[in-house]
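For reference, the structure discussed in these notes is given below.
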Amino acid sequence: LRLTADLYAEAWKPKLAAAWNFVTNTGKTVTLTAQQLPEQLLTFTINSTKFFIKSPTTLMDEVLCGVSIAFMQVPESVAFAFIARVSPVRGMYSTFFIGLVAGVFNTLPGTVSGIAGAMVSIQQDLTSDTGTLSDLCLSERTEWLFATMVLCGLIQVLLGVFGITRALKLVPHSVMVGFMNGLAIIIFRAQLTAFEADTDASQSDAMDEKCPPADYSPPRAQRWLTLDEAQLWQVFIIVFLAMTIMVIQPRIKGRLRIGKFSIGANVIPASLTAMIICTIITRFVYEKALDSPIRTIGNLATFPGDLPQPHIPQVPWNSGRFWKVSMPQAIMLAIVGLVETAMTWQMCQKIVGTNRPAYYCSYDCVGQGVGNLMSSFFSSVGGSVMVGQTMVNLLNGSRSRVSTTVASFLILLFVSVAGSVIEMIPVAALTGILFVIVIKTFEWRTFIYIFRWSIPLTDVMTIILVTVLAVVTDLAIAVLIGVAWSAVVFAWKISKSTRILTNQKDKETSVVKIDGAIFFGSAEKVTKADKSQLGSVVILDLSNATVYDSSGIEVLKDIVRDFDSTHRQVYLTGLDERTLRLVTRSRRLSAMVWSNFYIEDEELLERRTI
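Taking our numbering, I'd label the letters of the sequence shown as residues 400 to 1009.
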């Protein structure tokens, strides 16, 4: 018993010490970061100011990228606000807060954040008339949503502090390809609203007469434009024009010289150029000359000119029902937001050409959590990374936090002052811009993988699975299921590679050598190996094998029982460190060893037959 206790103590001491060191180091890191943050922000601001003073052209490029992104964030913010059943203005507030805070914390400058489709698809369960809180008024459900986002923000901060993004290394390439394909299809599908028109009927919103009025009113029902309608062809022209500008402008290398100054074609981002030209055509040709307007952002929402006000969610914090309903939703929202952010972070590294360690993404997670916390205390619904806008921003050349900061403050400016300007932009122009992003996002090599069999069939299945799930459910769930599927496939392949080799050393001694992993996937194969021809002394050689889990330990126990029942002596040799730790944790195996238990150079573990 004392030997067993000593073995357990030796096995657990390193783990307990490592856990304690992790907790203390995390605490020290958080404390040190909090202490140094003001000084670091001041130093960063001073250095950035000096850099942009020396390079005003770069500053102008970043500001223009921010202007372009701000215009592109508006329609999605409005559309996602309708899905979450909150007013469009609250959707804009969400984009402002999460975009500003997350943009400051991001380790990959240029990443755009705002109200996100993956999260509002979960949030709508709280605000829907048929959801979990259908017995409450819409205004009360909205308060529960704000409170849930408070919990979501706290969870994201904790997950970021504890470095959950280190799990990025577990995401295989096939899942990443499926993520990109699913993302491209989702962006494409979201832009099809440009080819719709309002009907005369409005969508009903079942509200109890006893409920106070809410600031949300459902949008009108939609119908597809038909080929015999001139408006459809007008939309096609704007979409095609925007796509043409997005493709051609970056390829123009010449510069216009005016005296000492020279102006390149890309002094204004291609996306902003497309929006300006398409807005002019829509305003002066379609509306003024032809009297045939097409849908603009002003048709989706108007902006009253209010600023966000601080607000504490009015919910029963001490109610069991609140925690039962809100906590699972908050956990799901936190996971979905972080998975989407982490995957986008990894994808953007390829565009920027960096290769930073996965733990850098933890700062992005903390930033997203803080942004969601701040957003929820200003009557908005938070969000996560906006993948399409991030792609546009990086492809426009943005490489600093200036663009995202400018975009966030412009969003606030649109809501409070300049709403009439943003309302003139045609939705079709934004559709054309994002269609180009779809083309650049989709992994066209997928068809080579499928039809030329250049990768294993299981990887092809993973790509298709993640792509389909991303479209049917959402990106985060698709990635999680894709990683789980890849893990199962990997375990299956590893179990197939495990081999059992038998060698007769002399008449009485047999050597059974196991090559490979001993775990739940290979347990049956090892247990059912033929043992009838073995001698009275069996040496079980594990020098090329490793036990990984409790199933592997059970395999060793079963082997020992089989040999005990046939009165054979057993010697275990070649145990590596991991296997040895697991063996010492098993009462049955550790109780069977000699009292003079020792490990020599060849790591020999002897036991006596009971």
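Here a beta-carbon is modelled for each residue, glycine too, at the ideal position from N, C-alpha and C.
> Span of the alpha helix (DSSP H) holding Ala669?
Replying inline: Ala669 to Ile680
> Cα-Cα, which of Asn943, Lys904, Tyr947 and Gly951 is closest to Val937?
Replying inline: Lys904
>> List, from N- to C-terminal side, the alpha helix (DSSP H) runs of 4 residues or more that fit wholly inside the stretch 847-871.
In response: 856-871
>> Using a 10 Å radius around the Cβ and a threshold of 16 neighbouring Cβ atoms, would you call Ala501 buried or exposed?
In response: buried
>> Going by DSSP in three states, Asp940 sits in which element: helix, strand or coil?
In response: strand
>> Applying the 10 Å Cβ sphere with the 16-neighbour rule, what's the burial state of Trp419?
In response: exposed
> Roughly how many angstroms lie between the CA atoms of Val859 and Val867, to the nearest whole one?
Replying inline: 12 Å
> On the premise that Val765 lies in contact with Phe1012, defined as a C-beta separation below 8 Å, what is that separation, rounded to the nearest angstrom?
Replying inline: No information on residue 1012 is available, as it lies outside the stretch 400 to 1009 that the chain covers here.
>> Using only the alpha-carbon positions, how far apart do Trp884 and Thr743 sit?
In response: 21 Å
> Can you tell which of Phe919, Thr456 and Val570 has the C-alpha that lies nearest to the C-alpha of Val882?
Replying inline: Val570
>> The beta strand (DSSP E) that contains Ser909, what's its start and end?
In response: Thr908 to Ile917
> Among Asn698, Thr945, Cys760 and Phe889, which has the Cα closest to the Cα of Ser573?
Replying inline: Phe889
> Hey, out of Gly577, Ile497 and Arg588, whose CA is closest to Gln555's CA?
Replying inline: Ile497
> From Ser533 to Thr564, what does the alpha carbon distance come to, in whole angstroms?
Replying inline: 36 Å
>> Going residue by residue through the stretch 433-491, where are the continuous alpha helix (DSSP H) segments of at least 4 residues, counting only ones entirely within it?
In response: 455-483
>> Using only the alpha-carbon positions, how far apart do Gln728 and Gln648 sit?
In response: 44 Å
>> So, with DSSP's three-state summary, where would you put Ala596?
In response: strand
> Tell me which same chain residues have a C-beta within less than 6 Å of the C-beta of Leu398, skipping the five on either side of it?
Replying inline: Here the chain covers residues 400 to 1009 and nothing more, so residue 398 does not appear.
> Looking at Thr526 and Leu553, is the spacing between their C-beta atoms short of 9 Å?
Replying inline: no
> If you check the beta carbons only, do Pro715 and Phe776 fall under 9 Å apart?
Replying inline: no
>> Quick check on the burial criterion: 16 or more other C-beta atoms within 10 angstroms. Buried or exposed for Glu461?
In response: buried
>> DSSP three-state label for Trp419, please.
In response: helix
>> Can you give me the C-alpha to C-alpha distance between Thr681 and Ala673, rounded to a whole angstrom?
In response: 12 Å
>> In whole angstroms, give me the CA-to-CA distance for Lys723 and Ser778.
In response: 22 Å
> At what residues does the beta strand (DSSP E) containing Tyr970 begin and finish?
Replying inline: Gln968 to Thr972
>> Below 8 Å on the Cβ atoms is my contact criterion, and I expect Thr598 with Gln621 to pass it. Report the Cβ-Cβ distance as a whole number of Å.
In response: 7 Å
> CA-CA distance, Ala875 and Ile734?
Replying inline: 8 Å
>> Give me the DSSP bridge partner(s) of Ser1010.
In response: No answer is possible for residue 1010: it lies beyond the span of the chain, which begins at 400 and ends at 1009.
> Comparing alpha-carbon positions, which option in Met459, Ser921 and Gln932 lies nearest Ala944?
Replying inline: Ser921
> Is Leu463 near Ile667, with beta carbons less than 9 Å apart?
Replying inline: yes
> Since Val925 and Ile899 are thought to touch, with beta carbons under 8 Å apart, how far apart are those beta carbons, to the nearest angstrom?
Replying inline: 6 Å
> Going by Cα to Cα distance, which pick from Gly509, Met726 and Phe918 is closest to Ser467?
Replying inline: Gly509
>> Alpha carbons only, please: which of Ile863, Asp975, Trp891 and Gln968 is nearest the one belonging to Ile913?
In response: Asp975
> Counting along the chain, where does the beta strand (DSSP E) carrying Asn795 start and finish?
Replying inline: First-last for Asn795: undefined, no H or E at that position.
> Based on the DSSP output, what are the partners of Leu900 in its beta bridges?
Replying inline: Lys912
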